[in-house]
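Engineer: The numbering of the sequence shown is the numbering used here, which starts it at 11 and goes up by one. Cβ atoms here follow ideal geometry from the backbone N, Cα and C, with glycine treated the same way.
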Amino acid sequence: MAGELLALDPHGERISATLRKTYDVLLDGQHTGRYRWDELYKTEKTHFGTLLEINLQREFSFTDGVTMDFAIRDIDVDCKFSQHKAKWMIPPEAMGHLLLGLWASDDEGKWSAGLARVRTEHLNKGQGNRDQKRSLSADGRASIHWLFEDKPLPENVLLRLPAADVDTIFNCSPFGTKRVDMLFRLAQQRRISRAAVATVAQQDDYMKRVRGNGGSRTSLRHEGIVILGQYNSHKQLAETLGLPLPSAGEFVSVRLAHRSDHHGGAASVMLDGRHWVVALPDDLAEMAPVLPDIGKKPAGDAQ
Numbered sequence: 011m012a013g014e015l016l017a018l019d020p021h022g023e024r025i026s027a028t029l030r031k032t033y034d035v036l037l038d039g040q041h042t043g044r045y046r047w048d049e050l051y052k053t054e055k056t057h058f059g060t061l062l063e064i065n066l067q068r069e070f071s072f073t074d075g076v077t078m079d080f081a082i083r084d085i086d087v088d089c090k091f092s093q094h095k096a097k098w099m100i101p102p103e104a105m106g107h108l109l110l111g112l113w114a115s116d117d118e119g120k121w122s123a124g125l126a127r128v129r130t131e132h133l134n135k136g137q138g139n140r141d142q143k144r145s146l147s148a149d150g151r152a153s154i155h156w157l158f159e160d161k162p163l164p165e166n167v168l169l170r171l172p173a174a175d176v177d178t179i180f181n182c183s184p185f186g187t188k189r190v191d192m193l194f195r196l197a198q199q200r201r202i203s204r205a206a207v208a209t210v211a212q213q214d215d216y217m218k219r220v221r222g223n224g225g226s227r228t229s230l231r232h233e234g235i236v237i238l239g240q241y242n243s244h245k246q247l248a249e250t251l252g253l254p255l256p257s258a259g260e261f262v263s264v265r266l267a268h269r270s271d272h273h274g275g276a277a278s279v280m281l282d283g284r285h286w287v288v289a290l291p292d293d294l295a296e297m298a299p300v301l302p303d304i305g306k307k308p309a310g311d312a313q
């Protein structure tokens with residue numbers, strides 16, 4: 011079973027993306043402005059595991075299980091999520107079946123996924139909870155075959171910024187456009203997801219607040235700030251400049267400056283016929299260059 015799952019997701023990118031999606035759906039930042047786990051209602055936290063199970067089944071096209079949550083190559087699998095690593099609550103009907111157990115923490119920015127066979131000798135003794143569910147004992151936890159352990163979770167940038175910067179972003183203006191400008195101004199050289207943009211904008215057409223026809227790509231140019239997206243040409247620029255590479259649905263903002271002697275051997279890119287480098291703090295703001303292929307999107311892109 012481990013081989014089957016690793017063949018479907020060798021590096022865990024699909025599972026981690028599904029975890030990120032589940033967090034973002036529950037937080038619903040576009041309509042609530044929430045971005046932290048502790049802002050969820052108790053019922054929403056309880057619902058996380060069910061929603062994750064649904065999202066994983068959709069992502070991997072698993073069939074329904076006969077008695078368990080879903081089947082992988084005709085083998086029934088019980089899928090469980092816990093807010094605490096390996097603290098899954100296992101129902102009596104899962105006895106003898108395979109368990110796909112997941113854990114994630116948005117605060118810690120980590121996640122894990124492992125397989126275990128549910129056996130009586132691997133469960134804690136006692137009555138369990140009112141549904142007769144029981145947790146893994148120390149021996150049970152030792153039997154877990156970790157597919158991925160303590161892997162980095164796709165970042166929620168609003169959790170990683172200084173609290174003062176987050177307050178500035180949300181309180182700088184009643185207008186979503188200005189708040190998105192501030193996000194890209196204060197969260198430079200970090201991956202910024204669409205979910206973060208939606209949470210800050212809290213508007214229906216939140217992606218319009220990023221684009222070059224009046225969005226942040228236009229309003230921040232006079233400060234020297236460019237916003238890289240998932241376009242191949244943008245990724246090449248990011249790689250050359252030593253910046254994080256934006257993945258699907260992500261952005262990276264950065265202030266640029268014309269290259270001069272005081273930049274030393276800093277990496278540069280050629281744009282608008284001139285060499286540009288990542289600006290130093292003492293570089294004066296100047297009109298940023300126009301990025302290439304800003305209107306051309308790679309296949310499958312909705313950015």
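Return the chain-ordered list of same chain residues with a C-beta closer than 7 Å to the C-beta of M192, the five sequence neighbours on each side being excluded.
Structural biologist: Locating residue 192 in the sequence shown gives position 182, counting from the first residue. Same-chain partners within the cutoff: T178, I179, C182.
Engineer: For S26, is the classification buried or exposed, using 16 other Cβ atoms within 10 angstroms of its Cβ as the cut-off for buried?
Structural biologist: Position 16 of the sequence shown, counted from the first residue, corresponds to residue 26. Flag for S26 reads buried.
Engineer: From Y216 to K188, what distance separates their C-alpha atoms?
Structural biologist: As a working mapping, residue 216 is identified with position 206 in the sequence shown. As a working mapping, residue 188 is identified with position 178 in the sequence shown. For Y216 and K188, the distance between alpha carbons rounds to 12 Å.
Engineer: Is it the case that the region 230 to 244 contacts the region 56 to 72, given that we only count it when at least three CB pairs across the two stretches are under 8 Å?
Structural biologist: They do not touch, by the three-pair rule.
Engineer: Just grab the DSSP bridge partners of W286 for me.
Structural biologist: Numbered from 1 along the sequence shown, position 276 holds the residue referred to as residue 286. Beta-bridge pairing links W286 to H268, V279.
Engineer: Return the CA-CA distance between A295 and R24, expressed in angstroms with no decimal places.
Structural biologist: The sequence position of residue 295 within the sequence shown is 285, counting from 1. The sequence position of residue 24 within the sequence shown is 14, counting from 1. Near 40 Å, if we compare the C-alpha coordinates of R24 and A295.
Engineer: Along the chain, where does the alpha helix (DSSP H) that runs through S179 open and close?
Structural biologist: Start at 1 with the first residue of the sequence shown, and residue 179 comes out as number 169. Looking at the sequence provided, one finds Ile at residue 179 rather than Ser. 173 to 181 is the extent of the alpha helix (DSSP H) around I179.
Engineer: Just to confirm my understanding: we take R227, look at its own chain, exclude 5 residues before and 5 after, and list those with CB closer than 7 Å. What are they?
Structural biologist: Here residue 227 is taken as the residue at index 217 of the sequence shown, counted from 1. V220, R221, I237, listed in sequence order.
Engineer: Label K95 either buried or exposed according to how many other C-beta atoms from any shown protein chain fall within 10 Å of its C-beta, with 16 as the threshold for buried.
Structural biologist: Translated into the one-based positions of the sequence shown, residue 95 becomes position 85. K95 should be labelled buried.
Engineer: Just verifying my parser: in three-state terms, what is the DSSP assignment at A205?
Structural biologist: Counted from its first residue, the sequence shown places residue 205 at position 195. Helix, per DSSP.
Engineer: If I'm right that A17 touches H155 with Cβ under 8 Å, what's the distance once you round it to whole angstroms?
Structural biologist: For the purposes of this step, residue 17 is identified with residue 7 of the sequence shown, where counting begins at 1. For the purposes of this step, residue 155 is identified with residue 145 of the sequence shown, where counting begins at 1. Their Cβ separation, rounded to whole angstroms, is 15 Å, which puts A17 and H155 out of contact at 8 Å.
Engineer: To test your reading of the DSSP string, which unbroken alpha helix (DSSP H) runs of 4 or more residues are found completely within the region 12 to 78?
Structural biologist: Counting whole runs of 4 or more residues, the region 12 to 78 contains the alpha helix (DSSP H) stretches 12 to 18, 23 to 37, 39 to 42, 52 to 70.
Engineer: Identify every residue that forms a DSSP beta bridge with I85.
Structural biologist: Taking the sequence shown and counting its residues from 1, one reaches residue 85 at position 75. In the DSSP output, where bridge partners are listed per residue, I85 has I82.
Engineer: Buried or exposed: Y51, going by 16 or more other Cβ atoms within 10 Å of its Cβ?
Structural biologist: Taking the first residue of the sequence shown as 1, we reach residue 51 at position 41. Looking at its Cβ environment, which holds fewer than 16 other Cβ atoms inside 10 Å, Y51 is exposed.
Engineer: DSSP state of A258, grouped into three classes?
Structural biologist: In the sequence shown, the residue the question calls residue 258 occupies position 248. Correct three-state label for A258: coil.
Engineer: Under 7 Å Cβ to Cβ from R151, same chain only, skipping five residues before and after it: list those, please.
Structural biologist: For this step, residue 151 is matched to residue 141 along the sequence shown. Cβ within range, chain order: A96.
Engineer: Hey, could you find the ends of the beta strand (DSSP E) L112 is sitting in?
Structural biologist: Locating residue 112 in the sequence shown gives position 102, where the first residue counts as 1. Its beta strand (DSSP E) spans residues 108 to 115.
Engineer: Where DSSP assigns a beta bridge to A126, which residues make up the other side?
Structural biologist: Taking the sequence shown and counting its residues from 1, the one referred to as residue 126 is at position 116. Answer is L109, bridged to A126.
Engineer: Can you tell which of D86, F91, V35 has its C-alpha closest to the C-alpha of H107?
Structural biologist: Counting from one through the sequence shown, the residue named residue 107 turns up at place 97. Nearest of D86, F91, V35 to H107, Cα basis: D86.
Engineer: Could you check the C-alpha separation between L62 and T53 for me, to the nearest Å?
Structural biologist: The sequence position of residue 62 within the sequence shown is 52, counting from 1. The sequence position of residue 53 within the sequence shown is 43, counting from 1. Distance between the alpha carbons of L62 and T53 is about 14 Å.
Engineer: Tell me the DSSP secondary structure of W162 in three-state form.
Structural biologist: Position 152 of the sequence shown, counted from the start, is the residue given in the question as residue 162. The question names Trp, but residue 162 is Pro in the sequence shown. Note: P162 maps to strand in three-state DSSP.
Engineer: Which residue comes first and which comes last in the alpha helix (DSSP H) that contains L251?
Structural biologist: Working through the sequence shown from its first residue, we reach residue 251 at position 241. Note, L251: alpha helix (DSSP H), 242 to 251.
Engineer: Leaving out five residues on either side along the sequence, give the residues of the same chain with a beta carbon under 6 Å from the beta carbon of I202.
Structural biologist: Residue mapping note: residue 202 aligns to position 192 of the sequence shown, counting from 1. Here the set comprises V167, F261.
Engineer: For the alpha helix (DSSP H) that contains L169, what are its first and last residues?
Structural biologist: Residue numbering aside, residue 169 sits at position 159 when the sequence shown is read from its first letter. Counting along the chain, the alpha helix (DSSP H) containing L169 begins and ends at 167 to 170.
Engineer: Which of the three DSSP states is assigned to K120 in this structure?
Structural biologist: For the purposes of this step, residue 120 is identified with residue 110 of the sequence shown, where counting begins at 1. It is a strand residue.
Engineer: Would you call A148 buried or exposed, if buried means 16 or more other Cβ atoms sit within 10 Å of its Cβ?
Structural biologist: Locating residue 148 in the sequence shown gives position 138, where the first residue counts as 1. Exposed, by the Cβ-count rule.
Engineer: Could you have a look at V190 and say whether DSSP puts it in helix, strand or coil?
Structural biologist: For the purposes of this step, residue 190 is taken as the residue at position 180 of the sequence shown. Of the three classes helix, strand and coil, the one that applies to V190 here is helix, per DSSP.
Engineer: Taking its Cβ as the centre, do 16 or more other Cβ atoms sit within 10 Å of M280, making it buried, or is it exposed?
Structural biologist: Walking along the sequence shown from the start, residue 280 turns up at place 270. It is exposed - the Cβ of M280 has fewer than 16 other Cβ atoms within 10 Å.
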